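**Student:** If you're matching them up, the sequences are chains R and V in order.
For the first sequence, UniProt numbering begins at 1 and goes up steadily by one.
For the second sequence, UniProt numbering begins at 1 and goes up steadily by one.
Think of the CB as a built atom: it goes at the ideal place given N, C-alpha and C, for glycine as much as any other residue.
As the structure is a computational prediction, the values presented were derived from the model and not from experiment.
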Amino acid sequence: MNKISDNRAWWLVLPVFLLVAFSALIPLMTVVNYSVQDIFGPGQAYYVGTEWFKEVLTDQRLRDSLIRQFAFSGAVLAIQIPLGIGVALMMPKSGVKGSLCLILVAIPLLIPWNVVGTIWQIFARGDIGLFGWAINQMGMDYNYTGDTLDAWLTVLLMDVWHWTPLVALLCYSGLRAIPEAFYQAAEIDRASKWAVFRYIQLPRLKSVLIIAVLLRFMDSFMIYIEPFVLTGGGPGSSTTFLSQTLTTMAIGQFDLGRAAAFSLIYFLIVLLISWLFFTAITHADKEK
Amino acid sequence: MAEIQLKAMAHSYIENPTGPDDYAIRQLDHVWHKGGAYALLGPSGCGKSTMLNIISGLVQPSEGDVLFDGKRVNELSPRDRNIAQVFQFPVIYDSMTVYENLAFPLKNNKVPAAKIKTRVHEIAEVLEIEDKLHKKAKNLTADEKQKVSMGRGLVREDVSAILFDEPLTVIDPQLKWKLRRKLKQIHEQFDITMVYVTHDQLEASTFADRIAVMYDGQVVQFGTPTELFEAPNHTFVGYFIGSPGMNIIEVERCAGGVRFDSTDLPLDAWQADILGRMKSNNIKVGIRPEFIEISHVATDDTYEAEVRDVEDLGTYKIVTVKLGEQVMKVRQSEEFDASIGSHIHLSFPKQWLMLYVDEFLVQGQQS
Chain R
1 MNKISDNRAW
11 WLVLPVFLLV
21 AFSALIPLMT
31 VVNYSVQDIF
41 GPGQAYYVGT
51 EWFKEVLTDQ
61 RLRDSLIRQF
71 AFSGAVLAIQ
81 IPLGIGVALM
91 MPKSGVKGSL
101 CLILVAIPLL
111 IPWNVVGTIW
121 QIFARGDIGL
131 FGWAINQMGM
141 DYNYTGDTLD
151 AWLTVLLMDV
161 WHWTPLVALL
171 CYSGLRAIPE
181 AFYQAAEIDR
191 ASKWAVFRYI
201 QLPRLKSVLI
211 IAVLLRFMDS
221 FMIYIEPFVL
231 TGGGPGSSTT
241 FLSQTLTTMA
251 IGQFDLGRAA
261 AFSLIYFLIV
271 LLISWLFFTA
281 ITHADKEK
Chain V
1 MAEIQLKAMA
11 HSYIENPTGP
21 DDYAIRQLDH
31 VWHKGGAYAL
41 LGPSGCGKST
51 MLNIISGLVQ
61 PSEGDVLFDG
71 KRVNELSPRD
81 RNIAQVFQFP
91 VIYDSMTVYE
101 NLAFPLKNNK
111 VPAAKIKTRV
121 HEIAEVLEIE
131 DKLHKKAKNL
141 TADEKQKVSM
151 GRGLVREDVS
161 AILFDEPLTV
171 IDPQLKWKLR
181 RKLKQIHEQF
191 DITMVYVTHD
201 QLEASTFADR
211 IAVMYDGQVV
221 QFGTPTELFE
231 APNHTFVGYF
241 IGSPGMNIIE
251 VERCAGGVRF
261 DSTDLPLDAW
271 QADILGRMKS
281 NNIKVGIRPE
291 FIEISHVATD
301 DTYEAEVRDV
311 EDLGTYKIVT
321 VKLGEQVMKV
331 RQSEEFDASI
341 GSHIHLSFPK
351 QWLMLYVDEF
361 LVQGQQS
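(1) Using a Cβ-Cβ cut-off of less than 9 Å, list which residues of the segment 49-63 of chain V approach chain R; keep chain order.
(2) Over what stretch of residues does the alpha helix (DSSP H) that includes V:H187 continue unbroken?
(3) Just to confirm, are R:W113 and R:E187 a CB contact at a threshold of 7 Å?
(4) Keeping to the same chain, check which residues put their C-beta closer than 7 Å to that of R:T118; ignore five residues upstream and five downstream.
(5) Return the residue from the list V:G35, V:P167 and V:T320 that minimises the CA-CA distance to V:S149.
(6) Excluding the 5 residues preceding and the 5 following V:S339 in the sequence, name in chain order all residues of the same chain whose CB lies nearer than 8 Å to its CB.
(7) By the three-class DSSP mapping on this structure, what secondary structure does R:R125 have?
(8) Please work out which residues of its chain come closer than 8 Å, Cβ to Cβ, to R:V213, disregarding the five sequence neighbours upstream and downstream, and give them in chain order.
(9) Does the beta carbon of R:A177 come closer than 7 Å to any beta carbon on chain V?
(10) Taking 8 Å as the threshold, find out whether the segment 21-37 of chain V comes into contact with the segment 181-196 of chain V through three or more Cβ pairs.
(11) Are the C-beta of R:I85 and some C-beta of chain V separated by less than 7 Å?
(12) Measure the Cβ-Cβ separation of R:Q244 and R:G257 and say whether it is below 7 Å.
(13) Beta-carbon within less than 6 Å of V:G223's beta-carbon, same chain only, minus the 5 sequence neighbours each way: which residues are those?
(14) For R:A177, does the count of other Cβ atoms within 10 angstroms reach 16, so buried, or fall short, so exposed?
(15) What residue does the alpha helix (DSSP H) around R:W10 start on, and which one ends it?
(16) Could one say the Cβ of V:N108 lies closer than 7 Å to chain R's Cβ atoms, at least one of them?
(17) On the DSSP bridge assignment, give the partners of V:M214 in chain order.
(18) Are any of the Cβ atoms in chain V nearer than 7 Å to that of R:H283?
(19) Note down, in chain order, all residues in the segment 178-199 of chain R with a beta-carbon under 7 Å from any beta-carbon belonging to chain V.
(20) Kindly list, in the order they appear in chain R, the residues whose Cβ is closer than 9 Å to that of V:Y239.
(21) Taking 8 Å as the limit between beta carbons, can you name the residues of its chain near V:Y316, skipping five residues before and five after?
(22) When Cβ atoms are compared, which residues of the segment 145-171 of chain V fall closer than 7 Å to chain R?
(23) Using the beta-carbon count (16 or more within 10 Å), is R:M140 buried or exposed?
(24) Rounded to a whole number of angstroms, what is the C-alpha to C-alpha distance between R:M138 and R:L153?
(25) CA-CA distance, V:Q366 and V:T206?
(26) Could you give the distance in angstroms between the alpha-carbon of V:K350 and the alpha-carbon of V:R259?
(27) So V:M96 contacts chain R; which residues on that side make the cut at Cβ distance below 9 Å?
(28) If I measure Cβ to Cβ from V:S44 and keep anything under 8 Å in the same chain, skipping five residues before and after, which residues do I get?
(29) R:K288: buried (16+ other C-beta within 10 angstroms of its C-beta) or exposed?
(30) Is it right to say V:E304 is buried, meaning 16 or more other beta carbons lie within 10 angstroms of its own, or is it exposed?
(31) Do you know offhand how far V:E293's Cα is from V:A255's?
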C-alpha cells in the first residue's frame, strides 16, 4: 500500500491539542510560571530560577508532612485493600439480599467529604459522641483532639469507613465476573477454600485491584477536607498532611512561589509512584 | 472406581413440577458399571449435561437416588464423591503454569511431591504437552488449554469415575480424532469408569462400548453402537443415529399389515399379532437407508418409486426416492446410476423393517 504523505494532516490533531492544552497544560504552566518567580504584587515579579525548589526540598515542615503522608497512604492501603476484598467475598452473590448489601455498602461513598469529617468529629467526641463516649466507658482513655495516636486512629478509621466500600464494590464486580465453571472445576479438583481464593479469585481480581490500589493511593495521598474538618491537622501538626500544608502555605501565608514549586513536586510524586506501581504490576504480568 | 447407579431418579429445575414437560430428566433407572466406557448421546437440551452434573454432584436430583457402589451419595459434594469432570470449555487456572495446573488436583489430595511429578509427566506425555509444562497456562491456544483441562481430569488415579462434558467441542477435527483415541487408550490402560457426553454419534461410537441415547429427558436406548444401528428402540434413535437417519413412515392398520397412501406393507405374523393387541393409532414403520434395496425390474414384493435426487458423497450415493407421497432416502454404492424422474423398484427386507407403536419399537420374543 502506498502511503500518501501530506503534512496538512497535522491540522486534524489540533482539536485534541487544544483540548489537552486547556485542560492540563495551560493550568500546569501557570503553576510552573509561579514556581520560578518571586511575586510581591502586580508588576513586581522577579525571576528566581530554582531557588523555590531548593528551599522546598530542604524545608523541615514539608519533609515531616511528606513522611506523615506516606505513613497515612501506606496504612490506608494496608487496611482498605484486604478489608475491601474480605467484604466483597462475604457479600451475597445475588438476589434481594445482594442488592440490599450493595446499597448499604455504597452509602458512605455518597456522603460529601466535609460531611464525613463533621460526622466523625461529633461521633468520636468523648462527651456527646456515641463512639468516643462508648470507648471511654469501656475504660480506655480516648481523646482524638488531645492525643496524637488517638487522632491518627480516628482519621484512619474515618477514611476506612468512607472508602473501603469503593474497594469492596470494585472487588464485588470483579468476583461476579468469574464464570461459575471455575468454581465447579475447583470443586471437582477438591480445592480448599483458601486455594479457590488464592488461585481463582485473587488472580481474577487483579485488574480491579490495580484500579482500586491506584485510586486509593492517589486519593489518600491528596486527602484534605476530612482530616481538616475532623482534627484541623492537630494535635500540633500530627495529622497535617501534604495538602493542608500546601494550602496553608498558598492561602494562609500567600507564599505563591514556594507553594507552586511544592505543588509541582507533589504532583510529580503522585505521578511517579502511580507509574512505578503500574509498570511493576503490568511488567510482572508479562514474564514467561 | 465405582459402579454408579441412578435409582428412580428424576430432575426438574422447577420447584413444583406438574407434568412430564417440567422435568429436565424424567424418572429413570440406570446403571453405569465399574470400569466401563460409556457415551451419553443426544441433541442439545435433552438433559445429558444435567445427567452428568447429577452424577458428579454439581446438581442434586430433585427425586430418586444416586448410588455409588450401592451407597447413597445424593447429598455428597463432588469433592466427597471423588469424581473428575472435564467441561465443554477449557477451565484453566491462568495464574499457574501448565505443570501447576496438572498438579493442582493432586496437591489438593495431599499426594507426595515425587508421585505428583511422575504422574504429571505421565499425563503430559499422553496428551503431548510435555514441552509446554513450564509455560504459563494463560498463554496457551484453545486446543492446548482444553488438553490441560482434560489432563486435570485424568491426573488423579483414585477417582470413582471420570466424566466428560463434550470435551472436544473447541478442538479442531484432526486433533479430535487423535484425542478420542487417546481417551480410549487411557481407559484401557487404567480401567476407569468413564462417561462421555456428546451430540456426535461418531464420537460416541469411537469412544464408548455402550451408548445411552437421551431424548427429551429420557434414556430411550442403552446399547452397543451396532444395536443402536440395527434395532433402534425408539424412532428418535433411528432418526438420530446414522447419516442419513432412518426412514420413518407414518402408517395405519390394514389386513395383514400396515399401509400408507395406497401402499400396503405386509408384516410378519408376530408383528401383526402384537399390533392387533395394541390400541394406539400412533403407528410408524422405520427402515434404514442402508437396508432398502433398489432394482430396475418389478417383482411381487417391490414397490414402484420415482427418483427425486441422487447425491454422490464420494464413496457412496444417497438416493432420494418418492413412493406415493412418501419421500425416503436410500444408500447405494457408487455404481448406482439412475436419472432424476426415472422409476425404480424398492423392496424392504422384512428383518430390517421395524415397527414402532407410540414411538417405541415393537420387539418379538425371540429377537
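**Tutor:** Quick look at the numbers:
(1) Of all residues in the segment 49-63 of chain V, only N53, S56, G57 and L58 place a beta-carbon less than 9 Å from a beta-carbon of chain R.
(2) P173 to F190
(3) no
(4) V229
(5) For the residues V:G35, V:P167 and V:T320, the minimum Cα distance to V:S149 belongs to V:P167.
(6) V307
(7) DSSP places R:R125 in coil when its eight states are reduced to three.
(8) Cβ contact annotation for R:V213 (same chain, cutoff 8 Å, sequence separation greater than five): L77, I81 and F277, in chain order.
(9) no
(10) yes
(11) no
(12) No.
(13) Spatial neighbours of V:G223 in its own chain (CB-CB distance under 6 Å, excluding positions within 5 residues in sequence) are not present.
(14) By the Cβ neighbour-count rule, R:A177 is exposed, with fewer than 16 other Cβ atoms within 10 Å of its own.
(15) Unbroken run through R:W10: none, as it is neither H nor E.
(16) yes
(17) V:V219
(18) no
(19) A181, F182, Q184, A185, E187, I188, D189, R190, A191, S192, A195 and Y199
(20) The contacting residues do not exist; V:Y239 stays about 32 Å from chain R at best.
(21) R331, Q332, S333 and E334
(22) Result list: R152.
(23) exposed
(24) 17 Å
(25) Note that V:Q366 scores 49 on pLDDT, short of 50, meaning its location in the model is unreliable; the coordinates nonetheless yield the value given after this. The alpha-carbon separation between V:Q366 and V:T206 amounts to approximately 29 Å.
(26) In a straight line, the C-alpha of V:K350 is about 15 Å away from that of V:R259.
(27) Y199 and P203
(28) H199
(29) Reliability fails at R:K288, whose pLDDT of 44 lies under 50, so the model's placement of it is uncertain and the value that follows must be treated cautiously. It is exposed - the Cβ of R:K288 has fewer than 16 other Cβ atoms within 10 Å.
(30) exposed
(31) Pairing V:E293 with V:A255, the inter-Cα distance amounts to about 24 Å.
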